Each structure stands twice: as C-alpha cells, then as structure tokens.
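Below you'll find the structure, written out as structure tokens, and then a few comments.
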Amino acid sequence: MLSIKNLHVKLEEEDKQILKGVDLTVEAGKVHAIMGPNGSGKSTLSYVLSGRDGYEVTEGEAVLEGQDILDMEPEERAAAGLFLAFQYPVEIPGVGNMTFLRTAVNAQRKARGEEEMSAADFLKLIREKAKALKIDADMLKRPVNVGFSGGEKKRNEILQMAMLEPKMCILDETDSGLDVDAMKLVAEGVNALRDAGRGFLVITHYQRLLDHIKPDVVHIMADGRIVKTGGPELALEVEENGYGDILAEVA
Amino acid sequence: MALAQAKIDLTEARLSRLEMPTGSSWAAEARQGAAARLRASGLPTRRDEYWKFTDPATLTAAEPPQAAIFEARDEAPLYDGIDRLKLVFVDGVFDAAASDDLTLEGVEIDLLADALAKDIHWAKDLYGVLETRGQDPVARPLAALNTAYATNGIVLRATGKVSKPINLIYLHNDVASDAILHHLVKIEEGAEVTVLESGPAAARFNKCMEIEVADGGTFHHVRAQGRDHERRAVTHMFSRIGSGSTFKSFTLTANGVLTRNENIIEIVGDDAVAHVAGAALGDGARGAFHHDDTVFITHDAERCESRQVFKKVLRNRAEGVFQGKILVRQGAQKTDGYQISQALLLDEDSSFQAKPELEIYADDVICSHGSTTGAIDEDGLFYLRSRGVPEDKATDLLVLAFLAEAIEEIEDERLREDILLRLQQWLERRRG
Chain F
1 MLSIKNLHVK
11 LEEEDKQILK
21 GVDLTVEAGK
31 VHAIMGPNGS
41 GKSTLSYVLS
51 GRDGYEVTEG
61 EAVLEGQDIL
71 DMEPEERAAA
81 GLFLAFQYPV
91 EIPGVGNMTF
101 LRTAVNAQRK
111 ARGEEEMSAA
121 DFLKLIREKA
131 KALKIDADML
141 KRPVNVGFSG
151 GEKKRNEILQ
161 MAMLEPKMCI
171 LDETDSGLDV
181 DAMKLVAEGV
191 NALRDAGRGF
201 LVITHYQRLL
211 DHIKPDVVHI
221 MADGRIVKTG
231 GPELALEVEE
241 NGYGDILAEV
251 A
Chain H
1 MALAQAKIDL
11 TEARLSRLEM
21 PTGSSWAAEA
31 RQGAAARLRA
41 SGLPTRRDEY
51 WKFTDPATLT
61 AAEPPQAAIF
71 EARDEAPLYD
81 GIDRLKLVFV
91 DGVFDAAASD
101 DLTLEGVEID
111 LLADALAKDI
121 HWAKDLYGVL
131 ETRGQDPVAR
141 PLAALNTAYA
151 TNGIVLRATG
161 KVSKPINLIY
171 LHNDVASDAI
181 LHHLVKIEEG
191 AEVTVLESGP
201 AAARFNKCME
211 IEVADGGTFH
221 HVRAQGRDHE
231 RRAVTHMFSR
241 IGSGSTFKSF
251 TLTANGVLTR
261 NENIIEIVGD
271 DAVAHVAGAA
281 LGDGARGAFH
291 HDDTVFITHD
301 AERCESRQVF
311 KKVLRNRAEG
321 VFQGKILVRQ
331 GAQKTDGYQI
341 SQALLLDEDS
351 SFQAKPELEI
361 YADDVICSHG
371 STTGAIDEDG
381 LFYLRSRGVP
391 EDKATDLLVL
401 AFLAEAIEEI
411 EDERLREDIL
421 LRLQQWLERR
431 RG
C-alpha cells in the first residue's frame with residue numbers, strides 16, 4: 001500500500017535534518033504503529049507524507065499504490081487515497097463542517113473522474129457515520145472545529161476519514177488530549193474502517209491507544225530513523241521500560 | 001484661503017463640460033449654492049488629506065475615461081427571485097419602457113426630472129440640504145458637483161410600510177457615458193422602505209442619494225457594484241435619521257478600476273440605529289482595482305447605536321481603502337459606536353490602507369474600532385487541501401468565510417442569501 005524508502009527530510013527554514021533515512025512498508029489490511037520519544041521525527045513523517053509546506057525531501061521516496069506521492073500537491077495525495085488525521089485539527093471559522101465535508105468528498109470524486117455525490121445521498125451517509133461517532137447535528141452545522149472540545153475535534157477527524165474512505169490512513173497522535181471514553185470512541189471509529197483494502201499508520205507516544213487499535217506491526221523511531229520493528233509486544237515493552245532500553249540496545 | 005491656480009483650472013475645466021439647468025425651478029437656489037461650494041473648495045486632488053489614499057484624477061477630469069461595456073452573458077439579474085419594483089436607468093437616463101409603473105402602495109415615486117418641472121415639490125426641503133450638511137467638517141466637492149448639475153434620479157417619499165423593495169437597475173450601454181444621478185428618499189414617521197441598487201451604471205458615474213428618515217422610520221439599502229472591470233464611480237449617501245429610526249446599508253463590490261463610496265450619516269434622534277457594511281472582492285489581474293469606503297457617522301442624540309463592518313479581499317495589486325469616522329457630539333450620551341475594517345491580502349502585491357477615527361465629546365459612551373490586514377490562514381488552507389479540496393477552491397472557501405461576516409449584516413434573509421449566492425457565483429466564475 002505505502003512504501004517509504006530511505007526518506008531524508010530537512011526543515012526548510014532551519015536547514016535542520018529531521019528524517020535521516022526512513023524505511024517503512026505498510027501493507028493493505030495492516031495496522032502499523034510508530035512509537036518514539038519526542039523529537040524523533042514522527043510528526044514530521046506524517047506532515048511530509050501529507051504534503052505540508054516547510055519540509056524538503058533531500059533523498060528517498062514514498063510510493064502509494066505505485067505512485068510517488070512526494071511531488072504531488074496535498075489535494076492530489078488526498079484524491080490518491082491518503083488521509084492524515086491531524087494531531088491538532090485546524091479551526092476554520094465561517095466554513096460549516098457539513099459544507100466542508102461535502103466539498104471535500106466531491107472534490108476527491110471529481111479528481112478521480114467519478115460522479116459527485118447528490119445532496120440527499122451525502123446527507124444520508126453523513127448522518128449515519130456521525131451517529132456512530134456520537135456527533136450530533138449541531139456539530140455538523142457549526143464551523144469546522146470551532147469551539148469543539150479536544151475529543152470532538154478528534155472524532156471529527158475520524159468522521160472525515162469515514163466519509164472520505166481513504167486507502168491509507170495516517171493517525172498522528174490521535175490519542176493526545178483524549179480521556180479514556182473519548183479514546184475508546186475514536187478507536188471504535190478507526191476499527192470500523194479496518195478492512196483488507198486499507199492500510200493504517202498509527203503514530204503515538206503511548207501504548208494505551210494500541211490497546212484499542214490493535215497493531216500488526218510496531219516500529220520504534222528515534223533520531224529520524226526506524227530503529228526497531230516488531231510485533232505488538234514491542235509496544236508493551238515500551239510501556240514497561242520506556243524507550244531507554246531499546247535505544248541503548250540499538251545504539 | 002485662496003485655492004491653488006491648478007485646482008481652479010481643474011474645477012473650471014470640468015464645469016465647462018457641464019450645463020446647469022436654467023429657469024426658476026425650486027432647485028435653482030440649491031444648485032447655485034452647490035456650485036458656490038464646489039468653487040470654494042475646488043475639485044479634489046491627491047494632495048487633499050481626504051483623498052490621500054485614492055487618486056480622484058479620473059473622477060474629476062473634464063474628459064471622462066472610456067469604459068468597455070461589460071458582458072454579463074448568462075448571469076441572471078441580481079435579486080431575480082425577489083418581487084420588486086424595477087426602475088431602470090441607462091447610462092444615467094431613466095428608461096420608462098424598461099421600468100415598472102411608478103405606482104406602489106405606501107410610497108410616492110417621481111422622477112427627479114418631473115419633480116423639477118413642478119412649481120412646488122416637497123423635494124425642495126431635501127434636495128442638496130443633507131449634502132450641504134455633509135460638507136462640514138470635510139468638503140465633498142464631487143457631491144456638490146452632483147447637486148449643482150444633476151437632472152436625473154428618483155424622488156421617493158415613503159408614507160407607510162412599502163410592500164416590496166424598489167430596485168434601481170443601472171445599465172451601461174455607451175463606452176463614453178458620464179452619468180450623474182441624484183436620488184432623494186424621504187421616509188415619514190414609522191414608514192419603511194427597502195432600496196436595492198444593481199448593475200454597471202456608466203463609464204463614469206457620480207451618484208448622490210439623500211435620505212431623510214423621520215422618527216420611527218426604517219431604511220434598508222442593499223447594493224451590488226460589479227462585475228464591470230473598467231468602472232469609475234464615486235457615490236455619496238447623505239442621511240439624517242430621527243428618534244427610534246433604523247438605517248441599514250450594505251454594499252457588495254467586485255472589480256472596478258476606481259470606486260469610492262462615501263456614507264455620511266447624522267443621527268439626530270434618540271434611540272436610533274445606523275449600520276453600514278461592505279464586502280469587496282478585488283482582483284487586479286484584469287485591469288486595476290481600487291476600492292475606497294469612506295464613512296462619517298455623527299452621533300448627536302442619546303442611546304444610539306452605530307456599526308461599521310467592512311471587509312475586503314484583495315489580490316494581484318488590488319488596492320483597498322477604508323476611512324471611517326465616528327463623531328460623538330457633546331450630550332450624545334450612551335452612544336454605542338462600533339467600527340471594524342479588515343482586509344485579506346491574497347498576495348504580497350496588494351495593499352490596504354485604513355484610517356479609523358474616533359472623535360468623542362460625551363463622557364458616557366462605548367466606542368470601539370479595529371482594523372486588521374492579514375494573509376490567508378495557511379494552516380486552514382493546508383487542512384482543506386489535505387482533505388482533497390484543490391487550492392483555488394480552498395482559497396475561495398476561506399474568502400467566502402471572511403466576507404460572510406459583512407454579508408451577515410444584511411437583515412433580510414432573502415436578500416442576504418441572494419448576495420451570498422452571487423458572491424459564490426462570482427468566485428466560481430473567476431476560477432473558471
């Protein structure tokens with residue numbers, strides 16, 4: 001599904017190398033998790049993959065279903081099937097959540113040469129998806145993320161994911177700022193989207209999210225590289241002993 | 001102070017191309033007075049403080065600059081779905097054949113030309129009167145010129161709640177037209193009227209509207225200027241509003257080489273409300289864009305509320321100007337004055353200049369003003385794009401959201417939605 005090879009990235013402004021050769025392949029139907037200490041480059045990886053400005057790829061590639069996405073515009077990557085659930089979802093005053101989602105769904109369809117979704121079909125679908133995430137009609141009407149609580153913002157991210165049906169989902173610290181109940185709700189939303197044709201990359205500091213979204217593969221990232229890869233037990237090891245042991249082991 | 005010779009020459013050159021109606025009309029005195037005011041101040045130049053940010057040269061030149069006729073093509077007329085009385089002016093001249101009948105319940109409508117032909121007319125007490133008052137403390141020579149020379153316009157007196165809006169539709173058919181229109185609106189006690197304006201009016205357009213709102217009266221005004229690219233227009237609205245009255249004016253502007261809209265409001269009765277708002281969309285890619293909103297609101301009564309909300313979106317060397325003043329006279333206690341002007345600059349070549357002013361002589365008032373100039377929210381733009389919305393469409397969504405705050409000022413829901421829809425259509429057309 002997603003294949004990242006030898007990815008080197010630096011911050012444009014500071015001329016600082018953040019990713020120093022990331023290799024990672026996420027297969028369709030699998031959930032990969034990336035864990036790592038602060039500053040290891042986890043969020044940079046998610047931003048670079050989604051096409052945010054300010055990063056320069058100096059080496060390497062990222063291929064989504066045969067297409068190198070690194071030269072694409074963010075909207076082209078989205079239409080190709082990539083989705084990033086933001087760590088800090090952005091508030092957009094004046095743009096209704098519903099309008100935003102309908103514009104996004106139809107823009108992606110148009111980009112893929114598909115027919116736009118009718119207003120009635122869209123409404124039916126969004127009501128159904130919103131209900132599962134306990135998102136009420138008021139939240140759909142309000143401006144995007146404006147005045148939403150931390151949990152509401154994250155649920156709204158998952159709603160967007162459910163509506164856009166991407167092939168490759170990246171979740172950037174989706175558990176940050178969530179209490180246990182909110183985390184469960186978000187995890188349920190994610191689990192509902194798991195299927196054989198979809199890949200997930202879950203970026204997190206803590207093991208607790210992985211109790212709810214069970215990964216197939218766990219990677220440890222440190223200083224801009226994947227330093228260790230293993231099964232779900234690797235996450236438990238981090239939970240138990242912190243990153244110190246692993247980092248010492250690979251150093 | 002004696003005027004500079006250059007200014008005298010400029011003024012005389014312009015006046016030499018105009019012909020003042022002669023005869024013993026009731027308007028003769030107002031015209032003479034206006035001409036005298038005009039000669040006393042002279043036509044404005046960039047060196048005048050009030051025109052520091054807007055070069056009036058093409059508005060004052062003897063020879064009007066030409067303007068290509070704008071083809072709206074398949075665009076439906078504005079306010080199309082709204083039942084309204086249509087009064088059509090072509091290059092500043094009333095077109096009776098294209099207009100509706102002048103009779104409407106709750107209002108007397110005359111053409112200025114017809115009113116002028118009568119021996120006596122109520123319009124005598126309004127024509128040039130509010131314009132004269134509006135000349136102090138700042139001279140407005142182009143309005144004086146209008147009063148001195150205008151022969152076309154409508155003269156409207158609302159005596160009750162007028163059943164439907166009156167739409168002044170302007171058409172531009174002559175590339176060299178130099179139109180002057182002067183409208184009078186008199187709203188009697190408790191009466192209510194909505195005036196709509198739309199359409200490109202002329203190559204060069206000088207419009208003046210004087211509005212007298214008696215106690216408890218209501219005036220609503222919604223105007224759309226655009227999308228004619230080569231428009232040069234100066235408009236003045238002079239209003240005096242009484243106790244418990246309401247005055248609300250909104251203008252949507254798109255394109256135009258040079259547009260200056262002045263709104264001068266005098267609140268003379270207690271508990272009155274005056275709102276002025278504008279949303280402007282400027283793109284210099286197809287010719288220059290310069291838009292100037294100049295507002296002067298005087299509070300001379302107690303417990304009145306005034307509100308100014310102006311938003312501009314500018315790109316490709318487009319220029320925006322806002323000059324807004326709130327004057328609170330002595331004794332105008334419990335005044336609530338608010339003013340905000342904001343510009344969204346979509347590139348580094350565009351500019352916005354704002355001059356907010358407060359002058360307060362009462363001690364128990366709330367007045368606030370703010371002005372911001374900013375770029376598009378990059379985080380918001382990226383967020384939208386990351387969901388698959390193309391950059392230009394994402395920009396439009398943010399532009400609409402920005403302007404929506406000014407459009408919200410339109411009270412009537414149908415009109416508000418019509419204006420919003422039109423703005424969306426204009427943005428979509430731009431995107432092609």
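Keeping their order, the protein sequence lines are chains F and H.
First residue of the first sequence: 1, per UniProt numbering; consecutive thereafter.
First residue of the second sequence: 1, per UniProt numbering; consecutive thereafter.
A virtual CB, placed ideally from N, CA and C, is assigned to each residue, including glycine.
Everything numeric in this text was worked out from a predicted model, so none of it was measured.
Contact set between residue i and chain H, taken where Cβ atoms lie within less than 8 Å
i, result
"F/L84", "S386"
"F/A79", "G388"
"F/L164", "R387, G388"
For residue j and residue i, believed in contact at Cβ under 8 Å, the rounded distance
i, j, result
"F/L19", "F/T44", "6 Å"
"H/D364", "H/K334", "6 Å"
"F/H219", "F/T204", "So it is not a contact: roughly 11 Å between Cβ atoms."
"H/L340", "H/F296", "Note that residue 340 of chain H is Ile in the sequence shown, not Leu. So it is not a contact: roughly 16 Å between Cβ atoms."
"H/I187", "H/L85", "That belief does not hold up - the Cβ atoms of H/I187 and H/L85 are roughly 16 Å apart, past 8 Å."
"F/V144", "F/V105", "About 14 Å; that fails the 8 Å criterion."
"F/D23", "F/N6", "6 Å"
"H/R204", "H/P65", "7 Å"
Contacts that residue i makes with chain F (C-beta to C-beta distance below 7 Å)
i, result
"H/V389", "E75, T103, A104, A107"
Own chain partners of residue i with C-beta closer than 6 Å, once the 5 adjacent residues on each side are dropped
i, result
"H/L252", "A224, A279, I419"
"H/L168", "L87, E197"
"H/S306", "A274, I297, G337"
"F/R102", "F122"
"H/L327", "T298, E359"
Cβ shell of residue i (< 7 Å), same chain only, five flanking positions each side left out
i, result
"H/I69", "H172, N173, V175"
"F/M161", "F83, A85, C169, L193"
"H/D300", "E266, I267, V268, R329, A332"
"F/D172", "S43, S46, L84, A85, F86, Q87, I203"
"H/T60", "L10, R14, L43, P44"
"F/S176", "Q87"
Own chain residues within Cβ distance below 8 Å of residue i, not counting five before or after
i, result
"H/A404", "L420"
"H/E131", "A34, R140, A143, A144, N146, T147, C208, E210, H236, F238"
Three-state class that DSSP yields for residue i in the structure shown
i, result
"F/D179", "coil"
"F/H205", "coil"
"H/M20", "coil"
"H/D9", "helix"
"F/M168", "strand"
"F/T174", "coil"
"H/F250", "strand"
"H/Y170", "strand"
"H/K124", "helix"
"H/M209", "strand"
"F/P74", "helix"
"H/D228", "coil"
"F/K214", "coil"
"H/P200", "coil"
"F/V250", "helix"
"F/V146", "coil"
"H/N261", "strand"
"F/S43", "helix"
"H/V313", "strand"
"H/I82", "coil"
"H/A318", "coil"
"H/F382", "helix"
"H/Y338", "strand"
"F/K134", "coil"
Under 9 Å from the C-beta of residue i: neighbouring residues of chain H
i, result
"F/G94", "L397, L398, L400, A401, F402, L403, A404, E405"
"F/R52", "F382, S386"
Chain-ordered neighbours of residue i on chain H, where CB pairs are closer than 7 Å
i, result
"F/Q160", "R387"
"F/A57", "Looking at the sequence itself, residue 57 of chain F is Val, so the reference to Ala does not match. Within chain H, no residue comes near F/V57; the closest Cβ sits about 17 Å away, beyond 7 Å."
"F/A111", "G388"
"F/V90", "D379, G380, Y383"
What residues in the stretch 355-383 of chain H have a beta carbon less than 8 Å from any beta carbon of chain F? D377, E378, D379, G380, F382, Y383
If the cut-off is 9 Å on Cβ atoms, which residues from the stretch 392-411 of chain H count as contacting chain F, listed in chain order? K393, A394, L397, L398, L400, A401, F402, L403, A404, E405
Residues from the stretch 175-201 of chain F in contact with chain H, defined by Cβ distance under 8 Å: none
Mind listing which residues of the stretch 24-49 of chain F have their C-beta closer than 7 Å to chain H's C-betas, in chain order? none
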